[in-house]
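J.: Numbering (our numbering), first residue to last: 2 to 217.
Glycine is no exception: its CB is placed at the ideal position from the N, C-alpha and C atoms.
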């Protein structure tokens, strides 16, 4: 099979994978804080709602969640599936799934900060909000980066699950090319692209961790 057309097709699929990756993080990273604070709420009802949400998300396959999100508008509101972009359903499913994991990681990071730092910030006249964003949050980010990095790397590979609702990301295209040409070359090439993608993500996370090393 011709190498250049194959690589061109795979790069087109890679752009879709990158799009899923980018918009998932854009949704999941801040939403994770909402879930973390909801889980830590002193209100039993709020805390229970978020605890159940996390339990359901972590206890069911991501593939099933993608299917559920995609078909929900039709099942619950009778909306035609043609009006609901598959890529949007994928990003929403991925976003809520990863937000649940990020939320638990954030919660662990927040609880790991010594209570004395909160008291010291209050003694210096900082409000709880200012103390959190200027003193607590940078330390939390430093502590959770390794765990967040692992999840982000997993996300790169999980983008292949978008094939569940016929989103033509890189792995789907690689399978199609492999089947059409009876060759493993497209799959191997896709594996190389995934590795490079993950290497760049891991490098970026490592650089971020180093930049925050002064919070150790």
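Secondary structure at residue 252, three-state DSSP: helix, strand or coil?
T.: Beyond the ends of the chain as shown, which are 2 and 217, falls residue 252; an answer cannot be given.
J.: Which of the three DSSP states, helix, strand or coil, is assigned to residue 73?
T.: If you number the chain shown from 1, residue 73 lands on position 72. It is helical.
J.: Whose C-beta lies closer than 7 Å to the C-beta of residue 206 among residues of the same chain, with five residues either side of it excluded?
T.: Locating residue 206 in the chain shown gives position 205, where the first residue counts as 1. When the five nearest sequence neighbours on each side are left out, the beta carbons in the same chain lying within less than 7 Å of the beta carbon of residue 206 are those of 146, 150 and 153, in order along the chain.
J.: Is residue 85 near the ligand FMN - that is, is its Cβ less than 7 Å away from at least one heavy atom of it?
T.: No copy of the ligand FMN appears in this structure; indeed no ligand is present at all.
J.: Which residues mark the beginning and the end of the alpha helix (DSSP H) in which residue 23 is found?
T.: Within the chain shown, numbered from 1, the residue matching residue 23 stands at position 22. In this chain, the alpha helix (DSSP H) harbouring residue 23 covers 4-40.
J.: For residue 95 and residue 86, I'd like the C-alpha separation in whole angstroms.
T.: Walking along the chain shown from the start, residue 95 turns up at place 94. Walking along the chain shown from the start, residue 86 turns up at place 85. Distance between the alpha carbons of residue 95 and residue 86: 14 Å.
J.: Could you tell me if residue 171 is buried or exposed, where buried requires 16 or more neighbouring beta carbons within 10 angstroms of its beta carbon?
T.: Within the chain shown, numbered from 1, the residue matching residue 171 stands at position 170. Classification of residue 171: buried, given that the 10 Å Cβ count is 16 or more.
J.: If you measure between the beta carbons of residue 68 and residue 162, is that distance less than 8 Å?
T.: Sequence index remark: in the chain shown, residue 68 carries index 67 (1-based). Sequence index remark: in the chain shown, residue 162 carries index 161 (1-based). No. Outside cutoff.
J.: Round the Cβ separation of residue 118 and residue 137 to the nearest angstrom and send it over; I've been treating them as touching at under 8 Å.
T.: By 1-based counting over the chain shown, the position of residue 118 is 117. By 1-based counting over the chain shown, the position of residue 137 is 136. Correct: roughly 7 Å between the Cβ atoms.
J.: Can you name the start and end residues of the alpha helix (DSSP H) that residue 168 belongs to?
T.: As a working note, residue 168 is residue 167 in the chain shown. From DSSP, residue 168 is part of no alpha helix (DSSP H); its letter is neither H nor E.
J.: What three-state label does DSSP hand residue 79 in the structure shown?
T.: Locating residue 79 in the chain shown gives position 78, where the first residue counts as 1. Looking at residue 79 - three-state DSSP - the assignment turns out to be coil, as it is neither helix nor strand.
J.: Hey, is the segment 39-54 in contact with the segment 120-131, meaning 3+ C-beta pairs nearer than 8 Å?
T.: no
J.: Go through its chain and collect everything with a Cβ distance to residue 168's Cβ below 8 Å, but skip five positions before and after it.
T.: For the purposes of this step, residue 168 is taken as the residue at position 167 of the chain shown. Closer than 8 Å at the Cβ level, and outside the excluded window around residue 168, lie 17, 21, 87, 88 and 91.
J.: For a test of the three-state rule: what should DSSP assign to residue 45, helix, strand or coil?
T.: On the chain shown, residue 45 is found 44 positions in, with the first residue counted as 1. Reduced to three states, the DSSP call for residue 45 is helix.
J.: How do the segment 97-109 and the segment 22-40 stand: do at least 3 beta-carbon pairs fall below 8 Å, yes or no?
T.: yes
J.: When DSSP labels each residue in this structure, what does residue 183 get in the three-state scheme?
T.: For the purposes of this step, residue 183 is identified with residue 182 of the chain shown, where counting begins at 1. Residue 183: coil per DSSP, three-state reduction.
J.: At what residues does the alpha helix (DSSP H) containing residue 150 begin and finish?
T.: The count along the chain shown starts at 1 and reaches residue 150 at position 149. 138-159 is the extent of the alpha helix (DSSP H) around residue 150.
J.: When the Cα atoms are used, what is the spatial distance from residue 201 to residue 140?
T.: For the purposes of this step, residue 201 is taken as the residue at position 200 of the chain shown. For the purposes of this step, residue 140 is taken as the residue at position 139 of the chain shown. For residue 201 and residue 140, the distance between alpha carbons rounds to 24 Å.
J.: Does the Cβ-Cβ distance between residue 7 and residue 178 come in under 8 Å?
T.: Here residue 7 refers to the residue found at position 6 when the chain shown is read from its first residue. Here residue 178 refers to the residue found at position 177 when the chain shown is read from its first residue. Yes; because the gap between Cβ atoms is below 8 Å, this pair is in contact.
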